[in-house]
Every structure is written in structure tokens, then in C-alpha cells.
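Just below is one structure, and these are the notes that go with it.
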Amino acid sequence: MWRRAHDRFHRGLDRFHQVLEGVEDDQLYGELVEIANELASLLERVRAVCKEAQQRSPSEGLDIPVRLASVHRALSKAGNSLATTSEAAAMLRLAVGPIPVGAASVRRRAEAVFQQVADAERHLAEEGSGYPREDIPG
């Protein structure tokens, strides 16, 4: 399951780079390449989270370990946000004429990806320290 989370993020990153290939406007291309490079820097962090999560709660199937559900949720959101970021870049690529705000819409969506990867790291660290503790009443 953790491998799938990593692979999904990686595919989203590949898709973003594929979108770049069709951008003809040089200024927009430059802005999107900068965003792509920043997103690419997240891949190693996602890999590290997935690797640590697999060590703590090995998973070969589709079941999400309860104690790491928040980590998985944050990684899933990051993958979804990355796909949305790629879609926003694709829409800009198809725009006709000058784009007055450049890649601002793509940048906003990319910020969500950065935040969600940071959330996954934070949730993993909290789980490792035992804080916050979520005991099931019983």
C-alpha cells in the first residue's frame, strides 16, 4: 500500500512534466519548470515517508493500518493535489493568447501538495512519538 502511494505521486509528477512538453510560451514555460522542479524535490520526501511507514506498519494489501491512517490520508491528498496541479498546467498550456497572471493558479495548487507532504511527515513523526495519543474508548 505504501509503495502504491509513492508510485501514484511519482506518476503525477511524470504527468506534470509531460504537460510541460507542450507549453509554447517561454515565460509560462519558465514558471512551470520552476514549479516542476520544486514538486520533484518532494519525491524523495514522499519516498522517505512511505519507506518509514512500511517499516512501522508493513502492508502488502489494500488495508490501511489504523495507526498510520492520517499519514496515508495526507499522502493520498498530496497525490490528488498533484494531479489537480497537472490539470491546471494543462489548461494554461491550452490557453490562447497571453496569460496575464502566468502560472499563479498552478502555484496555488502546488502549495497544497507541499503542505500535504509536510502533513504526512508530521503525522508520521507524531505517531512515532506517541503524540497525540488517540485511545479507543472501551
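Numbering (this note's numbering), first residue to last: 17 to 154. Note that the Cβ used here is the ideal one computed from N, Cα and C, for glycine as well. Predicted model only: the values in this text are computed from it and were never measured.
Query	Result
Within this structure, are the beta carbons of residue 44 and residue 98 separated by less than 8 Å?	no
What is the DSSP secondary structure of residue 42, counted as helix, strand or coil?	helix
Consult DSSP for residue 107 and reduce its assignment to one of helix, strand or coil.	helix
Roughly how many whole angstroms lie between the Cα atoms of residue 135 and residue 73?	18 Å
For residue 53 and residue 125, what's the separation of their Cα atoms in angstroms?	15 Å
Which same chain residues end up closer than 8 Å to residue 61 when comparing Cβ atoms and leaving out the 5 residues on each side of it in sequence?	133, 137
CB residue 59 to CB residue 32, shorter than 8 Å?	no
Is it the case that the Cβ atoms of residue 35 and residue 102 are separated by a distance below 8 Å?	yes
By Cβ distance below 8 Å, which residues in the same chain neighbour residue 84 in space, the five residues on each side in sequence not counted?	69, 72, 73, 139, 140, 143
Exposed or buried, which one is residue 82 when buried takes at least 16 other CB atoms within 10 Å?	exposed
For a test of the three-state rule: what should DSSP assign to residue 78, helix, strand or coil?	coil
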